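Protein chains in written order, with the working numbering: chain A, 2 to 204; chain B, 605 to 992.
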């Protein structure tokens with residue numbers, strides 16, 4: 002049996018929270034982002050390169066040792082999200098504790114990228130989960146990921162409890178316990194795709 | 605004072621506890637599958653009874669997209685299915701198109717292609733030489749592997765502009781001529797990688813822990829290799845002496861693997877995880893030798909064109925052709941069917957990892973669950989290469 006837990010709220014006085022408090026809270030959040038690498042395709046290699054000695058995003062406070070989504074604050078979706086993979090992406094996102102952030106890394110997870118007209122590819126991970134920062138490129142350079150992380154940290158720094166959408170978001174227990182793989186048509190995320198013209202129609 | 609030994613009977617009945625098989629799902633998002641491979645494993649205790657790879661989580665429909673791209677655009681998709689060996693993927697495609705067009709490629713382009721294909725092979729193998737020990741619990745090798753990778757990627761980037769997806773091949777040759785002084789920098793980088801490679805090797809070769817995890821684990825015999833169409837370093841680790849660079853030479857490989865060339869085919873007979881890793885490691889050395897040889901040959905070549913002028917609308921004459929190349933992970937084939945249009949009628953892709961992973965069902969049967977990651981990692985696959 003599952004139980005829906007209410008999202009903890011600060012109450013109507015949240016806007017009146019003193020600035021130093023917000024500052025400390027946001028400062029703490031932005032420099033200890035435990036990252037969960039949703040490595041899907043080519044971009045995952047550049048993500049790994051960014052975590053290695055030369056680019057080393059740990060110096061920005063991004064820690065790539067989260068054992069799983071349940072211990073992570075930041076999810077980096079790097080690579081092509083396919084329709085078959087989409088339910089798993091959504092499920093792992095739902096398993097992350099609030100506050101959570103998402104970086105969409107690479108053209109494929111931004112918009113489908115070079116597979117924009119494929120029948121099997123989800124046209125952007127933002128159709129499944131809210132994205133905070135988009136990093137363009139195919140694949141983006143590791144430096145681009147570093148830049149994306151800095152942008153995200155700026156965003157966190159400017160955050161107020163009332164501006165953050167998660168305050169209004171309700172988590173449904175069913176969302177984290179539903180099966181990862183669903184039969185097509187049984188509520189699986191399906192993106193309508195412009196059909197490729199049949200062979201005879203092409204010349 | 606002695607106590608009479610007490611006997612405890614556990615499980616009354618036909619002599620033992622009743623057990624039930626457990627079905628364990630690995631993936632699709634699991635660190636050991638580096639990517640989105642999914643395995644459905646049936647366990648009896650710790651023993652794997654049955655393992656079934658479930659593919660398709662990275663299926664991007666590239667083959668269908670090839671049919672709506674013209675021959676210049678196809679390269680974008682063709683180099684992305686195996687993202688660790690983008691240059692080698694491009695080569696298979698352009699060779700197929702060039703052969704159907706009956707096009708002669710300038711010698712300078714051929715040697716540059718050979719050089720870059722070998723550098724790409726080193727890049728690919730370094731990735732696995734780093735990630736495989738990581739899966740076995742050793743984190744240090746991957747730092748060394750990536751240090752070398754970054755340096756090699758720098759020279760590849762200088763010539764092509766890309767760190768991973770080079771897009772440097774064109775039908776009929778290469779996009780640009782070599783930048784001035786590039787060959788010297790390649791030579792220096794090769795020498796540097798060669799000098800620093802022992803750092804990585806000393807962690808892998810003769811490592812007791814690594815031996816304990818890999819020796820005699822996941823033995824793949826030649827019969828299974830041939831029946832599943834396994835190719836590349838995995839097949840050679842089982843003693844199958846096959847390498848398309850030597851057996852069916854393309855590019856400049858007939859000279860490289862000729863009597864005076866530095867090319868040689870690395871084989872092992874063990875067929876276990878250790879043999880597969882050793883093949884990979886030795887192939888890095890061979891590829892560096894070949895790359896060095898190519899640099900010297902390029903240095904002695906006269907300056908000349910690196911590509912052929914193409915018509916504005918590139919149409920491949922009607923017909924079909926199959927070109928197979930030796931990708932870093934195994935045989936990579938393109939079956940191109942053209943009906944004389946701007947786009948191929950059908951472009952079938954034969955990718956190495958698909959066959960290499962298909963064998964997992966047979967290989968994992970009867971092994972311990974703890975060895976599963978070691979065996980899975982030693983199959984050296986790229987998920988995009990499985991699912992296309």
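All C-beta atoms in this analysis are idealised placements derived from N, C-alpha and C, irrespective of residue type, glycine included. On a predicted model such as this, the values are computed, not experimentally measured, just so you know.
Is there at least one Cβ from chain A nearer than 7 Å to residue i's Cβ?
| i | result |
| --- | --- |
| residue 663/B | yes |
| residue 984/B | no |
| residue 601/B | Because chain B in this structure spans residues 605 to 992, residue 601/B falls outside the shown range and cannot be described. |
| residue 796/B | no |
| residue 747/B | yes |
| residue 691/B | no |
| residue 941/B | no |
| residue 899/B | no |
Measure from the C-beta of residue i to each C-beta in chain B and report whether the shortest distance is under 7 Å.
| i | result |
| --- | --- |
| residue 33/A | no |
| residue 205/A | Residue 205/A lies beyond the residue range present for chain A, which begins at 2 and ends at 204; the question has no answer from this structure. |
| residue 42/A | yes |
| residue 166/A | Only weak support exists for where residue 166/A lies, its pLDDT of 49 falling under 50; the value from the coordinates is given anyway. Not closer than 7 Å to any Cβ of chain B, the Cβ of residue 166/A fails to qualify, so no. |
| residue 137/A | no |
| residue 81/A | yes |
| residue 116/A | yes |
| residue 140/A | yes |
| residue 89/A | yes |
| residue 60/A | no |
| residue 71/A | no |
| residue 102/A | no |
| residue 122/A | yes |
Below 6 Å, is the gap between the Cβ of residue i and the nearest heavy atom of the ligand FAD?
| i | result |
| --- | --- |
| residue 696/B | Of ligands this structure carries none, so the ligand FAD is not represented either. |
Residue i to residue j, Cα distance in whole Å?
| i | j | result |
| --- | --- | --- |
| residue 73/A | residue 32/A | 13 Å |
| residue 706/B | residue 677/B | 20 Å |
| residue 930/B | residue 870/B | 13 Å |
| residue 1/A | residue 690/B | Because chain A here runs from 2 to 204, residue 1/A falls outside it and cannot be looked at. |
| residue 697/B | residue 650/B | 44 Å |
| residue 763/B | residue 771/B | 11 Å |
| residue 549/B | residue 757/B | What the structure shows of chain B is the stretch from 605 to 992, and residue 549/B is not part of that stretch, so it cannot be assessed. |
| residue 155/A | residue 75/A | 14 Å |
| residue 166/A | residue 99/A | At residue 166/A the pLDDT is 49, less than 50, meaning the model places this residue with poor confidence and gives no usable figure here. |
| residue 38/A | residue 92/A | 14 Å |
| residue 24/A | residue 95/A | 27 Å |
| residue 816/B | residue 969/B | 20 Å |
| residue 138/A | residue 644/B | 34 Å |
| residue 814/B | residue 127/A | 42 Å |
| residue 142/A | residue 926/B | 34 Å |
| residue 62/A | residue 981/B | 30 Å |
| residue 720/B | residue 767/B | 12 Å |
| residue 924/B | residue 704/B | 8 Å |
| residue 820/B | residue 875/B | 8 Å |
| residue 686/B | residue 693/B | 7 Å |
| residue 868/B | residue 633/B | 38 Å |
List the residues that DSSP assigns as beta-bridge partners of residue i.
| i | result |
| --- | --- |
| residue 992/B | DSSP output for residue 992/B lists no bridge partner at all. |
| residue 657/B | 643/B |
| residue 546/B | The question about residue 546/B has no answer, for chain B in this structure spans 605 to 992. |
| residue 35/A | 64/A |
| residue 778/B | 773/B |
| residue 135/A | 105/A |
| residue 626/B | 647/B |
| residue 79/A | 40/A, 106/A |
| residue 652/B | 647/B |
Could you work out which residues of chain E lie near residue i, taking near to mean beta carbons separated by less than 9 Å?
| i | result |
| --- | --- |
| residue 93/A | Although the question refers to chain E, the structure presented lacks it and instead comprises the protein chains A and B. |
(message) At 4 residues or longer, what runs of the alpha helix (DSSP H) sit wholly inside the stretch 85 to 124 of chain A?
(response) 87 to 96, 108 to 112
(request) Determine contact between the stretch 888 to 900 of chain B and the stretch 786 to 800 of chain B, defined as no fewer than three beta-carbon pairs at a distance below 8 Å. (result) yes
(request) Taking 8 Å as the threshold, find out whether the stretch 836 to 850 of chain B comes into contact with the stretch 900 to 910 of chain B through three or more Cβ pairs. (result) no
(message) Three Cβ pairs or more, each shorter than 8 Å: is that satisfied between the stretch 773 to 784 of chain B and the stretch 819 to 828 of chain B?
(response) no
(request) Answer yes if the stretch 930 to 943 of chain B comes into contact with the stretch 797 to 808 of chain B, meaning at least three C-beta pairs across the two stretches below 8 Å, and no otherwise. (result) no
(request) Would you check if the stretch 869 to 886 of chain B and the stretch 720 to 739 of chain B touch, i.e. whether three or more CB-CB distances between them fall below 8 Å? (result) yes
(message) Using 8 Å as the cut-off, can you tell me whether the stretch 96 to 112 of chain A makes contact with the stretch 140 to 156 of chain A, which would need three or more C-beta pairs spanning the two stretches below that distance?
(response) yes
(request) Could you pull out every unbroken beta strand (DSSP E) segment of at least 3 residues lying fully inside the stretch 892 to 980 of chain B, listed in chain order? (result) 923 to 931, 934 to 942, 950 to 954
(request) Could you tell me whether the stretch 963 to 975 of chain B touches the stretch 723 to 730 of chain B, using the rule of 3 or more Cβ pairs below 8 Å? (result) no
(message) Does the contact criterion of 3 or more C-beta pairs under 8 Å hold for the stretch 855 to 870 of chain B versus the stretch 911 to 926 of chain B?
(response) no
(message) Using a Cβ distance threshold of 8 Å, determine whether the stretch 118 to 133 of chain A contacts the stretch 57 to 70 of chain A, with at least three qualifying pairs required.
(response) no
(request) For the stretch 659 to 724 of chain B, list the alpha helix (DSSP H) runs that are entirely contained and at least 4 residues long, ordered along the chain. (result) 666 to 670, 678 to 682, 690 to 705
(request) Determine, using beta-carbon pairs with one atom in the stretch 975 to 992 of chain B and one in the stretch 947 to 959 of chain B, whether at least three such pairs fall under 8 Å. (result) yes
(request) Say whether the stretch 40 to 57 of chain A touches the stretch 76 to 88 of chain A, bearing in mind that this needs 3 or more beta-carbon pairs closer than 8 Å, one atom from each stretch. (result) yes
(request) May I have a chain-ordered list of the alpha helix (DSSP H) segments no shorter than 4 residues that lie completely inside the stretch 844 to 901 of chain B? (result) 848 to 851, 857 to 860
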